[in-house]
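Under the working numbering, the first residue of the sequence shown carries the number 74, and numbering increases by one thereafter.
Structure first, commentary second.
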Amino acid sequence: MNSRNELMKAERKISQSFLKEFTKYLQNESCGYQVVAKYYDNMQFPASEAQLLGQYFEYTATGQLPKFGNLPEAKMVSNGTKMSIPYARAFDSAQFCKGIFKEYGIKTIETGLKLEGERTTGEVDIYAEWEGQKVFIDLKYSAAIDDKWSEFGWETESLPQKDNLMIQGVHYKMLAKECLDIADIPFYYFIFSAKNTNYAKIIHQEVDEGRFVEHEIVVDNVYNKLKQVPITYFKPKPSLKMCSACPIEGCSARTKLPLIEKVYY
Numbered sequence: 074m075n076s077r078n079e080l081m082k083a084e085r086k087i088s089q090s091f092l093k094e095f096t097k098y099l100q101n102e103s104c105g106y107q108v109v110a111k112y113y114d115n116m117q118f119p120a121s122e123a124q125l126l127g128q129y130f131e132y133t134a135t136g137q138l139p140k141f142g143n144l145p146e147a148k149m150v151s152n153g154t155k156m157s158i159p160y161a162r163a164f165d166s167a168q169f170c171k172g173i174f175k176e177y178g179i180k181t182i183e184t185g186l187k188l189e190g191e192r193t194t195g196e197v198d199i200y201a202e203w204e205g206q207k208v209f210i211d212l213k214y215s216a217a218i219d220d221k222w223s224e225f226g227w228e229t230e231s232l233p234q235k236d237n238l239m240i241q242g243v244h245y246k247m248l249a250k251e252c253l254d255i256a257d258i259p260f261y262y263f264i265f266s267a268k269n270t271n272y273a274k275i276i277h278q279e280v281d282e283g284r285f286v287e288h289e290i291v292v293d294n295v296y297n298k299l300k301q302v303p304i305t306y307f308k309p310k311p312s313l314k315m316c317s318a319c320p321i322e323g324c325s326a327r328t329k330l331p332l333i334e335k336v337y338y
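Next comes the structure, spelled out in C-alpha cells:
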C-alpha cells in the first residue's frame, strides 16, 4: 500500500464510538491494529456475554438487528425447553420496555437511524415522536443501573462526570441539527436493569452549549489528524488480555505471554 492510498483510507467520518476507541488508543488502553480492524476494515469482534444479552434485549424490544445483521437468539437450557435465566430476564425487560412506550404514547418513526454529517456519523437506536416532538432514544441494558463508581454505571448524580457515557447524547444532538435540521433534539437514555425486570430509568440529557463547542473542537481535531496520517500511524500495543480475545489472524505483534512491566518505587 503506498502512502497516498494509506492517506485516502485514513480519511473517515467520526462516530462517537470511534472517538472513545481513539481516546483509549492514545491512552495505551487499546491496540492500534484493533482500531484499524474495527473501524477501517469493519471486522466483527466477538461480543461479550453482556453485549449478547444487550443485543437480544434490544432486538426483542424493537426488532432492530445488531450492526452485523446477526439474529440475536436466547440461550436455552433444560435440553432446549426454556430460556436461561439471564435471557428470560432480558425477554421480560423487553416486554416492560414495550409497555413503557405504549403507556407514554411514544411512537417509533425509525430504528437504527443512520445519520451522516460532513465530518460525523452515527446510528440512533430509536427515532420517535413523543408528546408532539421528534426525539432520540438510546436503549441500554445494564447490570450497573445504580452504580455510582463504575465508568459504565448509570447512577444519575454521577453521570455529569462520565464523559464516556454522556458523549453519545452530545454527538447525536449535533447530528440531528446538521442532518435533520432539528435544533437541540430531546435525547433520552432508557436504561433497563439486567437484574430486575421491573426496574428501569429514563434520563433526559440536557447539554450545555459549551459542551457542543468542546465536542466540535475534538471532532475537528481528530478528523483533521486522520487526514494527515497513514494507517501505519496505528501501532500495535499488545497485552495478554487484549491479544487472548483478539480475532485478528496472523498478527505478528500477538503475545501469548504476560509482558514484563516496570514499576518504579
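Backbone N, C-alpha and C define an ideal beta-carbon position, used for all residues, glycine too.
For residue 155, there are no CB contacts under 6 angstroms within the same chain when 5 residues up- and downstream are skipped. For residue 291, there is no enclosing beta strand (DSSP E); the enclosing alpha helix (DSSP H) covers residues 282-301. Take residue 118, set aside five residues on each side of it, and the residues of its chain with a beta-carbon closer than 7 angstroms to its own are 111 and 320, in chain order.
Annotated as proximal: residue 211 and residue 260, with beta-carbon spacing under 9 angstroms.
Between residue 317 and the set 107, 86 and 89, the nearest pair of CA atoms involves 107. Under the three-state reduction of DSSP output, residue 273 falls in the strand class. In terms of Cα proximity to residue 175, the closest of 186, 204, 198 and 194 is 204. Around the beta carbon of residue 202, fewer than 16 other beta carbons lie within 10 angstroms, which makes this residue exposed. About 7 angstroms separates the CB atoms of residue 126 and residue 267; that is less than 8 angstroms, so the two are in contact. Secondary structure of residue 90 (DSSP, three-state): helix. Membership of residue 307 in any beta strand (DSSP E) is not indicated, and neither H nor E is assigned to it by DSSP.
With a contact defined as Cβ atoms closer than 8 angstroms, residue 248 and residue 190 qualify at about 6 angstroms. At the C-beta level, residue 213 and residue 226 stay beyond 9 angstroms of one another. Annotation for residue 197: the continuous beta strand (DSSP E) segment containing it runs 194-203. The segment 90-99 makes contact with the segment 282-296; the number of CB pairs closer than 8 angstroms reaches 3 or more. For residue 336, no alpha helix (DSSP H) run applies, since DSSP gives it neither H nor E. Taking the CA atoms as reference points, residue 141 sits about 47 angstroms from residue 338.
For the pair residue 195 and residue 312, the CB atoms are not nearer than the 9 angstroms cut-off. Secondary structure of residue 321 (DSSP, three-state): coil.
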